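Structure, as structure tokens:
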Amino acid sequence: MVKKSFPDKRSVIYLQHGILASSADWVLPDPRKGFAYILADFGYNVLMSNVRGTRYSRKHTYLDPERHSLQFWDFSWHEIGVIHIPTMIDYIINKTNENKLFYIGHSQ
Numbered sequence: 134m135v136k137k138s139f140p141d142k143r144s145v146i147y148l149q150h151g152i153l154a155s156s157a158d159w160v161l162p163d164p165r166k167g168f169a170y171i172l173a174d175f176g177y178n179v180l181m182s183n184v185r186g187t188r189y190s191r192k193h194t195y196l197d198p199e200r201h202s203l204q205f206w207d208f209s210w211h212e213i214g215v216i217h218i219p220t221m222i223d224y225i226i227n228k229t230n231e232n233k234l235f236y237i238g239h240s241q
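Each residue of the sequence shown is one higher than the last, beginning at 134 in our numbering.
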């Protein structure tokens, strides 16, 4: 059994899924075993995101992936690492009023 020790303040942890995955991978298979749930149970403020193309991130501001397929899918892993993830980090820092966060990700 793991002894829980809660941080003084709810530190922010940003979970980013890997290639060909989604944020669902952080909460599956259930609340007892999902990594996001475990971190939340330890008192962390856990946030997850989905990069473009996952089933949860098909709502572009103006591109419909069905009607604008070529434009919607015109991105690479470079844009995800250089534009998308830094933008998400800035958004999280702004919304949580924190000046730092913990980033946990893989194969991106």
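Where is the CB? At the ideal position from N, CA and C, for every residue including glycine. In this text, all values refer to a predicted model and were calculated from it rather than measured experimentally.
- Counted as a single uninterrupted DSSP element, the stretch harbouring F175 is not any beta strand (DSSP E), since DSSP gives it neither H nor E.
- Shown here for S144: same chain residues with a beta carbon closer than 6 Å to its own, the five before and five after excluded, namely Y177 in chain order.
- Look at the beta carbons and you see the region 232-241 touching the region 147-156: at least three pairs across the two are nearer than 8 Å.
- Taken through DSSP and simplified to helix, strand or coil, S202 comes out as helix.
- Taking the CA atoms as reference points, R191 sits about 25 Å from D163.
- When rounded, the separation of the alpha-carbon atoms in D197 and W206 is 10 Å.
- Contact between L234 and Y170 does not hold, since their C-beta atoms are separated by about 18 Å, which reaches or exceeds 8 Å.
- In this structure, the alpha-carbon of I216 lies about 34 Å from that of R165.
- The beta carbon of F168 is closer than 6 Å to those of W159 in its chain, skipping five residues each way along the sequence.
- Membership of I237 in the beta strand (DSSP E) is indicated by the continuous run 235-238.
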